[in-house]
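Trainee: Residues in the sequence shown are numbered consecutively from 61, following the numbering used here.
The beta-carbon is built from N, C-alpha and C at its ideal position, and this holds for glycine as well.
Sharing a structure with you now.
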Amino acid sequence: MKSGTIHPNLTRCTSRRTYEENRIPSGFLMSHPAIESPSHLLRINLQVRGVTRRYVHMPLRVHDTRRREKVDFTTQSPGRVSMYVCGVTVYDHCHLGHARCYIAFDLIHRWLEASGYDVDYVQNFTDIDDKIILRSIESGEDWRDIVDRNIATYFEDMDALNILRADHYPRCTEYVDSMIHIIDDLIQKEHAYVADDGVYFHVDSAPEKYGQLTGQSIDAVRQGAGGRVNETGGGKRDHKDFALWKQAKPGEPVWPSPWGEGRPGWHIECTAMSLDHFGASFDIHGGGHDLRFPHHEAEIFQSECHTGHAPLAGYWLHNGFVNIDGEKMSKSLGNFWTIRDIVQKVDPFVLRLALVNAHYRSPIDMNEQLLKDAQRNHSRILQVYESALRLAVDGRQHALPTPDTASSDPLAKSLGLLERLAEGFAQAMDDDFNSRDAVAKVLAATKQLQYLMTLGTDDGDKRAIGNYAKEWLEETAGNILGILPSPDLLLAEPEEDPRKAEIADQVEALLVERSDARADKDWPRADAIRDQLSELGVVVTDTAEGPKWDLE
Numbered sequence: 061m062k063s064g065t066i067h068p069n070l071t072r073c074t075s076r077r078t079y080e081e082n083r084i085p086s087g088f089l090m091s092h093p094a095i096e097s098p099s100h101l102l103r104i105n106l107q108v109r110g111v112t113r114r115y116v117h118m119p120l121r122v123h124d125t126r127r128r129e130k131v132d133f134t135t136q137s138p139g140r141v142s143m144y145v146c147g148v149t150v151y152d153h154c155h156l157g158h159a160r161c162y163i164a165f166d167l168i169h170r171w172l173e174a175s176g177y178d179v180d181y182v183q184n185f186t187d188i189d190d191k192i193i194l195r196s197i198e199s200g201e202d203w204r205d206i207v208d209r210n211i212a213t214y215f216e217d218m219d220a221l222n223i224l225r226a227d228h229y230p231r232c233t234e235y236v237d238s239m240i241h242i243i244d245d246l247i248q249k250e251h252a253y254v255a256d257d258g259v260y261f262h263v264d265s266a267p268e269k270y271g272q273l274t275g276q277s278i279d280a281v282r283q284g285a286g287g288r289v290n291e292t293g294g295g296k297r298d299h300k301d302f303a304l305w306k307q308a309k310p311g312e313p314v315w316p317s318p319w320g321e322g323r324p325g326w327h328i329e330c331t332a333m334s335l336d337h338f339g340a341s342f343d344i345h346g347g348g349h350d351l352r353f354p355h356h357e358a359e360i361f362q363s364e365c366h367t368g369h370a371p372l373a374g375y376w377l378h379n380g381f382v383n384i385d386g387e388k389m390s391k392s393l394g395n396f397w398t399i400r401d402i403v404q405k406v407d408p409f410v411l412r413l414a415l416v417n418a419h420y421r422s423p424i425d426m427n428e429q430l431l432k433d434a435q436r437n438h439s440r441i442l443q444v445y446e447s448a449l450r451l452a453v454d455g456r457q458h459a460l461p462t463p464d465t466a467s468s469d470p471l472a473k474s475l476g477l478l479e480r481l482a483e484g485f486a487q488a489m490d491d492d493f494n495s496r497d498a499v500a501k502v503l504a505a506t507k508q509l510q511y512l513m514t515l516g517t518d519d520g521d522k523r524a525i526g527n528y529a530k531e532w533l534e535e536t537a538g539n540i541l542g543i544l545p546s547p548d549l550l551l552a553e554p555e556e557d558p559r560k561a562e563i564a565d566q567v568e569a570l571l572v573e574r575s576d577a578r579a580d581k582d583w584p585r586a587d588a589i590r591d592q593l594s595e596l597g598v599v600v601t602d603t604a605e606g607p608k609w610d611l612e
């Protein structure tokens, strides 16, 4: 995999490592390796810096939209996952909804790799479409230039959000010949017909495939659908039928076909690309919740009727919507956020944390408070990670004791509690990629890691503890959640915020009062001081050297 370019609007704490650098190293936190026998528990015994981890994990379970339930995950080829996720239509910059979708599937990609699977990940670009043509007409710019520019900015945006590259990014215009072949086969099998304005799929030719993903009749779903689904042509036999090939219109890009010059319909594109990469069936098909109908159900009709094989995908995964302050994101409402707009104001890692701190299938209401909470939590994680990096220097390290929550040794007990949190993190991710619970385990661990780093009687102990804390966070918050910057960037001296100097004396005085109140066990006073510091936008981290503070 190749690393991408860095987004021009990144803040200090952002970076993107290459795929190989992000790849999960063996030997620290692991869930199960690729499990093909889901009825068996797997016992893990890993030896890391003198700490033996003994995990017992249930198999990975995922929610399949088609079956409408959570099921055990198995693959068609042992140890390998074939995953196709619908990509963007490249007529404009990516928006917050795209960030939600591709962060969600990046998280899934990362966990599958961490679980021992070799993931073959395909994500397409729709590079010919009504919106691209309209943008070309409005701007006078060649449609191919619009496509190339927006593909380049797509990668910049995804790199800014620390999204690992897929293995393949096919463009639909590269597969027009394949689409024509599939359409011709569907006509021969009487699943499609030629009309005056193109070629249509005849939905009633395969009635058993109605509503596989929505659970509703086509008519009921169509009443609530908008956009491209409502386009009709005079040659349709039935309003439920959808276009496979569109007859040429003046000024539009066209390709030759047996039915005259024209261009492919929306749905046939993904059928051609997924068939080319994976064949008649593959493991995971993903996309946004809004793609269930008509797009994904149309894919089922086309692919299964063409190949004669069902199901097209073993598991259908769909991520939830993003609303802005309780309303649907819309240009007409003035709440349309592009990724580029957001990362000029918000650290991309903070935005990523805000999005992974919700289950991928749940809707998210993006608002100022959500981003503030994410900023506070991210600062907390970074402060602990930075402390660990500073302890984890080169030199002789002592072996750590066996983790034991019942031990009278504070170090062994603390390690035992952290092992439980690591196991809880893995179990959350094994439960339909429940990143919300996984984030909760990381936040709980920051407190325990802070305490852990106050232990140790000499430099050998402290180095071992620092390395343990560093690796704990890198394996969870870094390699899986993708919310840690590179150590070099984190340890670089930041530009001083002028406001920090303005409030430094006030904060230091409050910290002295806080220490006195805690020493006197005057908890109400300590809580009141904490609230004052929070109002100033100050985050406090207690370390072995005393309290450290920074601005949120």
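1. Can you list, in chain order, the residues of its chain with a C-beta nearer than 8 Å to that of LEU351? Leave out the 5 residues immediately preceding and following it.
2. How big is the Cα-Cα spacing for LYS608 and TRP583?
3. Give the straight-line distance between the Cα atoms of CYS365 and ALA358, rounded to the nearest whole angstrom.
4. Alpha carbon to alpha carbon, what distance is there between LEU430 and GLY325?
5. Name the DSSP beta bridge partners of VAL600, please?
6. Measuring CA to CA, which of ARG585, ALA529, GLU129, ARG170 is closest to VAL416?
7. Alpha carbon to alpha carbon, what distance is there between ILE344 and SER142?
8. Rounding to the nearest angstrom, what Cα-Cα distance links GLU568 and PHE165 in this structure?
9. In whole angstroms, give me the CA-to-CA distance for ARG160 and GLU562.
10. Just to confirm before moving on: does the CB-CB distance between LEU413 and HIS438 stay below 7 Å?
11. Counting C-beta neighbours from all protein chains within 10 Å, is the total for LYS473 16 or more, i.e. buried, or is it exposed?
12. In three-state DSSP terms, what is SER467?
13. Let's see if you can read the secondary structure: which residues bound the alpha helix (DSSP H) around VAL444?
14. Among the residues of its own chain, which have a CB less than 7 Å from the CB of ASP227, if the five just before and after it don't count?
15. Would you say ALA303 and GLY258 are within 7 Å of each other, going by their C-beta atoms?
16. Taking the CB atoms as reference points, tell me whether HIS349 and GLY380 lie closer together than 7 Å.
17. Can the beta-carbon of LEU570 be found closer than 7 Å to that of ILE540?
18. Taking GLY311 as the reference, which of GLY271, GLN404, SER196, PHE338 has the closest Cα?
19. Taking one C-beta from the region 403-410 and one from the region 184-202 each time, how about it: are there three or more such pairs within less than 8 Å?
20. Applying the 10 Å Cβ sphere with the 16-neighbour rule, what's the burial state of LYS306?
21. For HIS299, count neighbouring C-beta atoms within 10 Å of its own C-beta (all shown protein chains included) and say buried if the count is 16 or more, exposed if not.
22. In terms of alpha-carbon separation, which member of VAL499, THR514, ASP433 lies closest to LEU475?
23. Can you tell which of TYR151, THR536, ALA220, ASN222 has the C-alpha that lies nearest to the C-alpha of GLU39?
24. Indicate whether PHE396 and THR274 have their beta-carbon atoms separated by less than 7 Å.
25. So who's on the other strand from LYS473, going by DSSP bridges?
26. How do the region 325-339 and the region 120-128 stand: do at least 3 beta-carbon pairs fall below 8 Å, yes or no?
27. Is SER142 helix, strand or coil when you go by DSSP?
28. Can you say whether VAL453 is buried or exposed, counting buried as having 16 or more other CB atoms within 10 angstroms of its CB?
29. Who are the Cβ neighbours of GLN276 in its own chain at under 6 Å, not counting the five residues just before and after it?
30. What's the C-alpha gap between GLU81 and ALA482?
31. Please report the Cβ distance between LYS296 and TYR260, rounded to the nearest whole angstrom; I am assuming they are in contact, meaning their Cβ atoms lie under 8 Å.
32. Helix, strand or coil, according to DSSP, for PHE409 in the structure here?
33. Going along the chain, which residues of its own chain have a beta-carbon closer than 7 Å to the beta-carbon of PHE361, five neighbours each way excluded?
34. Which residues share a DSSP beta bridge with ASN383?
35. Give me the residue from GLN510, VAL382, PHE342, LYS581 with the minimum Cα distance to ARG450.
Mentor: This is what the structure gives:
1. CYS146, HIS378
2. 20 Å
3. 11 Å
4. 39 Å
5. TRP609
6. ARG170
7. 6 Å
8. Between GLU568 and PHE165, the C-alpha separation is close to 44 Å.
9. 37 Å
10. Cβ distance < 7 Å, so LEU413 and HIS438 count as in contact.
11. buried
12. Residue state, collapsed to three classes: coil.
13. 428-451
14. The answer, listed in chain order, is ASP180, TYR181, VAL182.
15. yes
16. yes
17. no
18. Ranking the options by Cα distance to GLY311, first place goes to SER196.
19. In short, these stretches do not touch, since the Cβ pair count stays below three.
20. buried
21. exposed
22. THR514
23. Outside the displayed span of the chain (61 to 612) sits residue 39, for which this structure offers no information.
24. Contact flag unset, no.
25. Paired residues: none, contrary to the question.
26. no
27. strand
28. VAL453 comes out exposed.
29. none
30. For GLU81, the predicted model reports a pLDDT of 38, less than 50, meaning its position is unreliable; a value from the coordinates is still stated below. Linking GLU81 to ALA482 through their CA atoms gives a straight-line distance of about 21 Å.
31. 6 Å
32. Reduced to three states, the DSSP call for PHE409 is helix.
33. PHE261, VAL263, ALA266, LYS269
34. LYS388, ASP425
35. Closest by alpha carbon: GLN510.
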